[in-house]
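S.K.: Residue numbers (this note's numbering): 257 to 804. For glycine and all other residues, C-beta sits at the position ideal for the given N, C-alpha and C. Here you go, one structure.
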Amino acid sequence: MPRTQSMRIGLCARAISKAFRNNLTRNRHLGLLEYSSVTRRPSVVIRTSPPPARRFHHPGIPSATMSLSPNAALPPRIPADDGLDPKQRRHAIRRALVALAIVILLGMLAFSAYALTFPERMPATIGLLVEDITGANPAPVHLERPPVAPLSALALLGKQIFFDASLSASGKQSCASCHSPNHSYGPPNGLSVQLGGPHMDQDGYRPPPSLAYLYRQAPFSIGPDANDADAAVNLNAEAAAAQGVPRAQKTAGAAPAAPAIVPQGGLFWDGRADTLQKQASGPMLNPVEMANKDTADVVDKLAHAKYRDMFEMLFGKQIFDTPNLLIDEAMSAVSRYQIEDPSFHAFTSKYDYWLEGRARMTQAEIHGMRLFNDPDKANCAGCHLSRVSPDGLPPVFTDTQYEALGVPRNRTLAQNKDPAFFDMGVCGPFRSDIATQTQFCGMFLTPTLRNSAERGVYFHNGVYHTLKQVMDFYNLRNTHPDAIYPRDANGKLQPYDDLPARYRANIDVADAPFDRKFGDPNAMSDQDIDDIIAFMKTLSDGYKVSAN
Numbered sequence: 257m258p259r260t261q262s263m264r265i266g267l268c269a270r271a272i273s274k275a276f277r278n279n280l281t282r283n284r285h286l287g288l289l290e291y292s293s294v295t296r297r298p299s300v301v302i303r304t305s306p307p308p309a310r311r312f313h314h315p316g317i318p319s320a321t322m323s324l325s326p327n328a329a330l331p332p333r334i335p336a337d338d339g340l341d342p343k344q345r346r347h348a349i350r351r352a353l354v355a356l357a358i359v360i361l362l363g364m365l366a367f368s369a370y371a372l373t374f375p376e377r378m379p380a381t382i383g384l385l386v387e388d389i390t391g392a393n394p395a396p397v398h399l400e401r402p403p404v405a406p407l408s409a410l411a412l413l414g415k416q417i418f419f420d421a422s423l424s425a426s427g428k429q430s431c432a433s434c435h436s437p438n439h440s441y442g443p444p445n446g447l448s449v450q451l452g453g454p455h456m457d458q459d460g461y462r463p464p465p466s467l468a469y470l471y472r473q474a475p476f477s478i479g480p481d482a483n484d485a486d487a488a489v490n491l492n493a494e495a496a497a498a499q500g501v502p503r504a505q506k507t508a509g510a511a512p513a514a515p516a517i518v519p520q521g522g523l524f525w526d527g528r529a530d531t532l533q534k535q536a537s538g539p540m541l542n543p544v545e546m547a548n549k550d551t552a553d554v555v556d557k558l559a560h561a562k563y564r565d566m567f568e569m570l571f572g573k574q575i576f577d578t579p580n581l582l583i584d585e586a587m588s589a590v591s592r593y594q595i596e597d598p599s600f601h602a603f604t605s606k607y608d609y610w611l612e613g614r615a616r617m618t619q620a621e622i623h624g625m626r627l628f629n630d631p632d633k634a635n636c637a638g639c640h641l642s643r644v645s646p647d648g649l650p651p652v653f654t655d656t657q658y659e660a661l662g663v664p665r666n667r668t669l670a671q672n673k674d675p676a677f678f679d680m681g682v683c684g685p686f687r688s689d690i691a692t693q694t695q696f697c698g699m700f701l702t703p704t705l706r707n708s709a710e711r712g713v714y715f716h717n718g719v720y721h722t723l724k725q726v727m728d729f730y731n732l733r734n735t736h737p738d739a740i741y742p743r744d745a746n747g748k749l750q751p752y753d754d755l756p757a758r759y760r761a762n763i764d765v766a767d768a769p770f771d772r773k774f775g776d777p778n779a780m781s782d783q784d785i786d787d788i789i790a791f792m793k794t795l796s797d798g799y800k801v802s803a804n
């Protein structure tokens, strides 16, 4: 055997012998081993009675006597010999705790990742937490948008008519002049009303409402629901039947406790047109809009239009021999264009994509949305419905009903130079069929809020030009009316100054935030209003969805 190998074996043997002797010494001190006087070897002692007290001595430790009698105090429990000193043991424990913490953390991260990826599978409270942290919709849905298809021949004809300025007396105004495609089919500027007339110098009566999102608008009616019967509706009879019925209170997110016996549906600010076809024909003869003298003027312009051949292809050459039918078919074509062209109801806003789980909102937008839907705060959703319908139709942000809000008078309008003139909406002056139903005086159609951030004019009289002004009106009308309404020559405040005093009982003072009284705290702070406006901006079409 090589010498180096024998030296290694010898060293190992001595180490083992030393460890064995140390172990014997420790066990002997515990009284578990004794040396035989004959063999001089250690033997295991099994005792049935306590051993006598032993004295032992260890270098560096004073001599002591250990008694193992039953009545003696037991020594401290001797820990298992794991070969670790206290410092090493502390490090081992610390490492074990760190490992446990890492496992818990990884579990939490995995759960969080799952919750962020599939928030719709989480409980509601966790879903709201995910919404707060990420801006994602915790319950995405599928939206049923209108089908997209190539325009029909009739719709293509309607598109030609919609953009044809030659159909006006001035030759400068088309449907698109006041309903600009670049401004969500609303006015192209911030004027209170648009100019029109034969020389384009006449003030309009009201700001043009948007033509977008009208494809689901029902005909005008009064009562809880529109009647599906084919018989002609007697609006005066409906209105008379509604007299004395208490007005239903509107609360965001809740169905009214009683039927909403109010006007609803229809087109224009006062609902006087039931169909898009009738709406399209109105401006043709309006003296402050396209200003044609009569239907003969319109027929002559259509007969000389560059798209005359499209009429002949669709309806035959004889269509020009029947003036009233020609106008009806022309306006029908315009209505088909509005129904078929997806730009009139695109549903491409950030909010739409958020509903589908394809976009995330900022913290300000999330907070604004909650205030918008809060029945005790802004309560906007009480009239501007924000929920997806049970069959997946995207919300159009209007209940299509009529409200008397009491907005201040716009003294810049030409018609308002006459102090005796009042635009009272449903009961006149631009419709007269239910003028006697004075319980509706001052009521105007609730417009969609989609693309409202793109407008430069608001309310039926164009009195406000920013969303901040609109929100301040809602917030301060009752609590600080001096910030909303003017004072007369004697310094007396003039609230509800755009409606005759005898009809002011029609004005809404029941729905939040109009349920507050003078001097009450405002429903919304300035930051709340900023956040609501941030949310309303998510309703504008044309949002670009991230590829991720």
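According to DSSP, is S802 helix, strand or coil?
M.R.: DSSP, reduced to helix, strand and coil, places S802 outside both helices and strands of the structure shown, so it counts as coil.
S.K.: Output the boundary residues of the alpha helix (DSSP H) element that contains K415.
M.R.: Under the DSSP assignment, K415 falls in the alpha helix (DSSP H) whose first and last residues are 409-418.
S.K.: Note down the Cα distance separating M257 from Q344, rounded to an integer number of angstroms.
M.R.: Low local confidence applies: a pLDDT of 48 at M257 is under 50, so the model's placement there is unreliable, with the coordinate-based value given in what follows. Each residue's Cα considered, the two are about 40 Å apart.
S.K.: Rounded to a whole number of angstroms, what is the C-alpha to C-alpha distance between Q574 and L558?
M.R.: One alpha carbon belongs to Q574, the other to L558, and they sit about 14 Å apart.
S.K.: Does the region 590-603 come close enough to the region 410-421 that 3 or more CB-CB pairs lie under 8 Å?
M.R.: Counting Cβ pairs under 8 Å, three or more are found: they touch.
S.K.: Skipping 5 residues on each side, what residues in its chain have a beta carbon closer than 8 Å to that of P777?
M.R.: T735
S.K.: Per DSSP, what kind of secondary structure is S466 in: helix, strand or coil?
M.R.: S466: coil per DSSP, three-state reduction.
S.K.: Taking contact to mean at least 3 C-beta pairs separated by less than 8 Å, is the region 462-472 in contact with the region 703-715?
M.R.: yes
S.K.: Would you give the residue range spanned by the alpha helix (DSSP H) that W610 belongs to?
M.R.: 606-611
S.K.: Leaving out five residues before and five after D647 in sequence, what residues of the same chain have Cβ atoms less than 6 Å from its Cβ?
M.R.: none
S.K.: For T604, I'd like the list of residues in its chain whose CB is within less than 7 Å of its CB, leaving aside the five on either flank, ordered along the chain.
M.R.: So the qualifying residues of the chain are D797, G798, Y799.
S.K.: Please return the same chain residues whose Cβ sits closer than 6 Å to the Cβ of A411, not counting the five positions on each side in sequence.
M.R.: R592, Y593, E596
S.K.: So H736 is in the alpha helix (DSSP H); what residue range does that whole segment cover?
M.R.: Segment: none, H736 is in no alpha helix (DSSP H) and carries neither H nor E.
S.K.: Pick helix, strand or coil for Q783, following the three-state DSSP scheme.
M.R.: Note: Q783 maps to helix in three-state DSSP.
S.K.: Are the CB atoms of M546 and S645 nearer to each other than 8 Å?
M.R.: no
S.K.: Cα separation between A637 and E585?
M.R.: Linking A637 to E585 through their CA atoms gives a straight-line distance of about 38 Å.
S.K.: Assuming Y471 and P402 are in contact, meaning their beta carbons sit under 8 Å apart, how far apart are those beta carbons, in whole angstroms?
M.R.: So it is a contact: roughly 7 Å between Cβ atoms.
S.K.: Check each candidate in P756, F696, A709 and name the one with the smallest Cα separation from D526.
M.R.: Residue F696 is the option with its Cα nearest to D526.
S.K.: Measure the CB-CB distance between G613 and A779 and report whether it falls below 8 Å.
M.R.: no
S.K.: Applying the 10 Å Cβ sphere with the 16-neighbour rule, what's the burial state of N629?
M.R.: buried
S.K.: Hey, Y759 and G681: beta-carbon distance below 8 Å or not?
M.R.: no
S.K.: Can we say the region 715-724 touches the region 781-797, given the rule of at least three CB pairs closer than 8 Å?
M.R.: yes
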